[in-house]
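Structure, as structure tokens:
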Amino acid sequence: LIMNRIDPQINSEFRRTLLTESEDIGSDPAPALEALNNNYAIIFTENHGLYHTLRPGAKGSNFFTYQIGELTNHDPGIWYVASCYTNDIVKRSLSEMYLLAESGGGVAYIGNSSFEYPFNGIYLQEEFFKLAFSKNKYHLAEAHYLSRLPYLGYLSWEGPSRIIVYSTIVLGDAEMPIWTEIPKSLMIDQQSTADEDGYFLTVKVKDESDSNFIQNALVTLYRENEIYDLKKTDASGQVRFDLNNYDPGEVNVTVTKHNYIPYESNFNIISRSSAKIRIENVIFSEIEGIKNQQCEPGERLNLNLEIENMGDAGVPGGMLIQFSGEDSLILLDTMTIVLEDSLAPGQKFVLSPLAYNVSDSITADTTLIHNIQFLSGFKSLGEQCIKYVVHLPHIVPADPEIESTPPDSGFVSSKFFLELENIGLGGAREIIGELYSDQDNVKLLDSIFIYGDVESKSTTNMGAYFKIRHAMPFNSLLLGLKFIDHYGKSWNYSIDFEDPLPPTDFTFKPSGPESIELNWSASPSHDIIGYNIYRKYSAESDFQQVNDKPIKSAGFFTDDNVQNDQIYQYMVQAIDSSYNVSTFTADTISAWPAVRSKPNFPVNIGEKAIGADNSGFAVYDFDNDHKQEIVVAGGHGVLKIYDCYGTLLHTIENLEGYMNKPAIGNVYGSDEMEIVISAYEKRTENNCIYIIDPESGTVIESISMSYHQPSSSVLKDLDHDGYDEIIVLSHGNDSPVDPKNSKLNIWRSTGTGWIDFPGWTEQGYLFKSAASLGMPAAADMTGEGVISVIVPTIEGKLYAFKPTQSAEPVWIKSYPGILNVPLSLADVDRDGNLDMTVLSINNDKLYLLNHQG
């Protein structure tokens with residue numbers, strides 16, 4: 001499929017390499033890593049993957065994030081990956097490591113943040129490469145987006161197409177152009193001229209291979225925080241830069257054109273005696289408007305400019321000040337000013353106010369620009385721009401209330417009190433409110449109220465009310481409300497008095513040491529404008545509203561005004577567009593912020609030490625200082641030990657495989673404790689159990705498991721002799737050789753070597769399934785002093801052993817489902833015997849079993 005779908009889209013002149021699982025990769029990661037280090041410009045792969053690993057071939061070919069960080073490309077490339085989770089940027093993902101690799105990862109990565117394709121992904125990537133190479137959509141994010149565009153129509157349901165659009169992420173410069181031909185070189189000629197007309201730089205651009213002029217090449221002058229001037233070449237391959245207004249010094253010159261190698265050079269702007277005009281100060285003052293010193297549609301203002309000659313030469317009288325741009329929305333009384341006065345070096349001058357009108361057709365907050373050029377004769381003395389920030393008002397009704405008198409002749413007289421809020425950034429001028437109704441039994445008595453001017457982000461509180469008579473109850477009233485300003489802009493609303501339904505599914509999660517995230521499902525009512533959050537901190541206190549204004553984001557709020565050691569109660573209500581409020585959520589929830597991290601935590605353990613899903617940690621006071629040390633099991637043969645302050649005490653490296661959860665016990669019968677940890681690696685003989693001295697950070701002993709992958713080790717003194725036995729469940733399902741069985745092993749130490757526990761054979765107890773996963777547990781189940789070992793297995797069976805009595809199980813019980821998970825032992829019903837809690841994976845059942853299963 002790759003050769004039929006992807007390969008034909010890519011320019012046939014490009015050198016390419018195809019690596020396949022069967023012929024090139026197999027179970028070895030080396031061929032793929034070597035290819036990633038071979039300076040390819042575009043890489044396409046279709047593989048299995050997780051956030052920390054990618055498998056380019058068969059089992060055993062995985063490479064990992066830390067190995068990506070060790071790449072040494074000198075020409076980093078673009079990598080398009082069809083796999084699951086490798087772009088899960090919530091974690092330190094493989095994709096990020098590819099971009100962050102200091103010595104040569106890549107410049108861009110396209111991949112998935114979650115499980116993706118509903119069918120073979122090749123057909124989707126095909127469209128990306130077709131757009132880039134055949135349809136002139138060669139910018140990275142543009143090609144990616146357009147390749148997903150056909151699926152936007154299927155987003156009305158939570159299925160694979162929705163995931164396709166949203167889970168595939170581009171990392172890198174979104175505007176990065178992809179070379180679609182073998183790139184050619186540019187030939188550049190830079191010439192500067194300085195005469196009475198000014199100081200200029202001319203850049204000529206040609207194709208080095210045929211000396212033809214190149215049109216529309218982008219030429220850029222750049223100096224950090226000072227100069228960013230871009231021009232495109234004309235038909236003769238030229239651009240001309242006016243240097244008169246730039247300070248002396250070096251500037252970068254870059255020339256780019258699609259499918260050409262970018263050209264970079266420097267140019268030194270020399271010092272010349274010249275005048276330079278700058279706008280020193282800009283003030284806007286209103287002639288007619290709300291008088292808030294900002295621009296709103298329909299207003300008339302003065303533009304007041306103060307200019308200064310920043311150069312070292314004078315400007316004779318007659319300088320022309322020319323405005324251009326935005327003349328349809330900002331209407332200046334004149335676009336040209338002639339300054340009759342001369343300007344000496346360093347002299348400032350305040351121009352006469354220039355009146356302008358702001359168009360009343362502007363429909364959204366915006367920034368408009370006029371370019372201003374200062375000309376003396378034909379010589380430019382400077383160019384600048386004036387920005388007009390235009391803000392619009394947005395009027396909404398607020399806090400409606402009804403005050404009624406007793407019925408008279410079947411009618412109720414009511415005063416409808418209504419505040420008005422301006423939630424926009426612009427001020428509103430001379431607002432008039434009008435109430436109307438189409439209902440037959442409603443009579444409008446006072447239907448108009450003049451609110452006047454309303455500043456931005458403010459609410460009127462003038463006792464405004466409308467007077468009506470009605471022969472129906474409040475909750476049946478349907479009223480219309482219209483606000484109109486001085487310029488004819490209007491806002492229309494419908495008003496009712498029926499309470500909305502409350503939100504549902506109110507939950508929380510700790511967001512930080514001093515914040516709580518609240519989540520809820522939106523109210524099903526149709527006109528909800530927001531929600532109110534109420535909080536209290538004890539059963540005796542009263543609920544207080546948290547928010548000043550309705551929370552607009554339906555279903556989400558972070559309360560960051562809480563204390564770390566406090567439990568709070570919350571409830572939520574909905575508010576509709578008529579400011580009717582719902583009842584509160586059915587359940588009041590108790591919530592708390594995240595536990596505060598200790599000083600110096602969290603600790604960065606490094607990419608290589610990031611573990612697999614079944615890695616873990618353990619704590620123990622090894623040096624008897626009444627402070628716990630932390631043992632962290634990681635991936636890739638790394639174990640780290642920290643003190644309680646986050647200081648790294650030991651790093652044990654070059655262990656084989658991936659670490660399981662560590663166990664701590666006394667396996668030698670001495671006064672010191674040891675760390676026992678099992679490590680696994682599929683399809684290899686690198687499966688073993690390590691015994692580590694925590695004081696020195698060295699490996700004392702190891703037990704080889706050959707091709708059998710072990711579970712986490714369990715330590716228990718089965719025969720009460722002061723030695724902790726090592727209990728391990730292992731499986732050979734991925735073994736390339738027979739026997740591919742699963743087994744339970746028990747070992748003990750004599751202090752000098754390892755022997756099987758008395759009564760147990762070297763091969764341990766053999767299970768029928770080749771893939772008995774899970775983790776054993778050991779305890780005295782009945783309080784009689786005899787330790788039992790309980791083993792859950794993949795075939796839905798639970799085994800109980802009493803190893804000091806027999807190498808055979810004392811009972812075997814079967815349950816529907818798969819039991820290859822850890823189980824817990826505790827006296828749940830307080831009858832003096834331990835009970836077992838175990839989860840069945842594929843039938844969603846949790847079993848609570850007594851000590852006999």
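The sequence shown maps to residues 1 to 853 in this note's numbering.
Where a beta carbon is used, it is the ideal one built from N, C-alpha and C, also for glycine.
Quick caveat: nothing in here was measured; it's all calculated off a predicted structure.
Residue i and residue j closer than 8 Å at C-beta
i: LEU301; j: GLY289; result: yes
i: THR168; j: ALA132; result: no
i: ILE43; j: TRP79; result: yes
i: GLN373; j: GLN322; result: yes
i: ILE641; j: GLY606; result: no
i: ILE790; j: VAL728; result: no
i: ALA108; j: GLY172; result: yes
i: ASN600; j: TYR645; result: yes
i: GLY105; j: LEU71; result: yes
i: HIS851; j: THR782; result: yes
i: GLU653; j: ASP643; result: no
i: ASP734; j: LYS91; result: no
i: PRO183; j: HIS139; result: no
i: ALA428; j: VAL454; result: yes
i: GLY314; j: LEU351; result: no
i: ASN820; j: ASP827; result: no
i: ILE551; j: PHE543; result: no
i: ALA275; j: LEU381; result: yes
i: PRO345; j: GLY311; result: yes
i: SER86; j: GLY49; result: The displayed chain sequence assigns Thr, not Ser, to residue 86. Result yes, Cβ atoms of THR86 and GLY49 sit closer than 8 Å.
i: LEU375; j: PHE267; result: no
DSSP bridge partner residues for residue i (one or two, in chain order)
i: SER414; result: SER404 and ILE468
i: GLN545; result: TYR534
i: GLY106; result: GLY77
i: ASP621; result: None, per the DSSP bridge assignment.
i: ARG429; result: Per DSSP, none; premise fails for ARG429.
i: TYR260; result: LYS184
i: MET571; result: TYR534
i: THR459; result: GLU421
i: LEU94; result: DSSP, once it has assigned bridges, lists no residue as partnering LEU94.
i: VAL454; result: ALA428
i: LEU648; result: TYR642
i: VAL786; result: Looking at the DSSP assignment, VAL786 forms no beta bridge with any residue, so it has no partner.
Limits of the beta strand (DSSP E) - the one that residue i falls within
i: MET775; result: First-last for MET775: undefined, no H or E at that position.
i: MET836; result: 835-840
i: LEU36; result: Unbroken run through LEU36 is the alpha helix (DSSP H), 30-36; no beta strand (DSSP E).
i: GLN238; result: 238-242
i: ASP559; result: 556-559
i: GLU629; result: 629-633
i: ASP229; result: 227-232
i: CYS84; result: No beta strand (DSSP E) contains CYS84, which DSSP labels as neither H nor E.
i: ARG55; result: 53-55
i: TRP760; result: It is not in any beta strand (DSSP E) - TRP760 carries neither H nor E in the DSSP assignment.
i: ARG748; result: 742-749
Proximity test, residue i beta-carbon vs the ligand ADP heavy atom, cut-off 7 Å
i: TYR98; result: The ligand ADP is not among the ligands present in this structure, which contains no ligands whatsoever.
Opening and closing residue of the alpha helix (DSSP H) in which residue i lies
i: GLN67; result: 65-68
i: ILE122; result: 122-134
i: HIS144; result: 140-148
Does the segment 53-66 come close enough to the segment 1-17 that 3 or more CB-CB pairs lie under 8 Å?
Touching, no.
My parser needs the beta strand (DSSP E) runs of 3 or more residues fully inside the segment 461-517; what are they?
Segments of the beta strand (DSSP E) lying fully in the segment 461-517: 465-470, 478-484, 490-496 and 504-512.
Which ranges does the beta strand (DSSP E) cover as unbroken runs of at least 3 residues, wholly within the segment 324-388, from first to last along the chain?
Here the runs fully enclosed are 330-332, 336-339, 348-350, 354-358 and 366-376.
Would the segment 705-718 count as touching the segment 669-685 if we require 3 or more Cβ pairs under 8 Å?
At 8 Å Cβ cutoff, the stretches touch.
List in chain order: all unbroken beta strand (DSSP E) runs of 3+ residues lying wholly within the segment 270-306.
The qualifying runs are 277-288.
Does the structure place the segment 368-384 close enough to the segment 400-416 that three or more beta carbon pairs sit under 8 Å?
In short, these stretches do not touch, since the Cβ pair count stays below three.
Examine the Cβ distances between the segment 575-588 and the segment 499-516 and report whether three or more of them are shorter than 8 Å.
Verdict: yes, contact present.
Would you check if the segment 566-581 and the segment 526-539 touch, i.e. whether three or more CB-CB distances between them fall below 8 Å?
The segment 526-539, when compared against the segment 566-581, does touch it at the 8 Å Cβ threshold.
Does the segment 33-49 come close enough to the segment 74-88 that 3 or more CB-CB pairs lie under 8 Å?
As far as the Cβ criterion goes, the segment 74-88 touches the segment 33-49, which means the pair count is three or higher.
Does the pairing of the segment 552-572 with the segment 476-490 give three or more beta-carbon distances under 8 Å?
Under the three-pair Cβ rule at 8 Å, the segment 552-572 does not count as touching the segment 476-490.
Closer than 8 Å is the cut-off here; do at least three beta carbon pairs connect the segment 478-487 with the segment 503-512?
The way I'd put it, the segment 478-487 doesn't touch the segment 503-512; fewer than three beta-carbon pairs between them come closer than 8 Å.
Could you check whether the segment 255-270 touches the segment 384-396, counting it as contact only if at least three pairs of C-beta atoms, one from each stretch, sit closer than 8 Å?
Counting Cβ pairs under 8 Å, fewer than three are found: no touch.
Do the segment 754-767 and the segment 805-821 meet, that is, are 3 or more Cβ pairs less than 8 Å apart?
Flag = yes, the segment 754-767 and the segment 805-821 touch.
Whether or not the segment 230-246 and the segment 404-417 are in contact is what I'm after, with contact meaning three or more pairs of Cβ atoms, one per stretch, closer than 8 Å; do they touch?
They do not touch, by the three-pair rule.
Beta strand (DSSP E) runs wholly inside the segment 660-708, at least 3 long, in chain order
The segment 660-708 contains these whole beta strand (DSSP E) runs: 663-665, 674-680, 687-693 and 698-706.
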